[in-house]
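Student: Going by this note's numbering, the sequence shown opens with residue 472, and the numbers climb by one from there. Even for Gly, the Cβ is constructed at its ideal location relative to N, Cα and C. If you scroll down you'll find the structure; I have some questions about it.
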Amino acid sequence: MSLLAAAPLLQSLAFWLAAIMTGLTAVRSVLLTRLASRQLEPQRRWQTDTARAATRHATVPMHWSFAALVIGAALPKRALLLAAT
């Protein structure tokens, strides 16, 4: 399989990865919001180190989805440039 023929496949895989990671981010965000709402003082809960770590942990899939979208958008152009040389 040539690089030019593999580009659409890799692009679609990157977009599927982005869609899955976006779904994971949404689920983790909802779970985190539910956890915070069960606390006695939800406003003060966000000031704890545990809550801040949980927020970072919940948004990691979002970073992966951004990376997958950028790679998926740039991949076909890069493959065409490589195929032309």
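1) Whole angstroms is fine: what's the gap from Ala545's alpha carbon to Ala476's?
2) Under the rule that 16 or more other beta-carbon atoms within 10 Å means buried, what is Ser566, buried or exposed?
3) By Cβ distance below 7 Å, which residues in the same chain neighbour Ile542 in space, the five residues on each side in sequence not counted?
4) What is the rounded straight-line gap between the Cα of Pro547 and the Cα of Met533?
5) When DSSP labels each residue in this structure, what does Thr519 get in the three-state scheme?
Tutor: On the basis of the coordinates in this document:
1) Answer to the nearest angstrom: the Cα atoms are 15 Å apart.
2) The requested residue 566 is not part of the displayed model; the chain covers only 472 to 556.
3) Apart from the 5 residues on each side of it in sequence, Ile542 sits with its Cβ closer than 7 Å to the Cβ of Ala485 in its chain, given in chain order.
4) If I take the Cα positions, the gap works out to 23 Å.
5) Note: Thr519 maps to coil in three-state DSSP.
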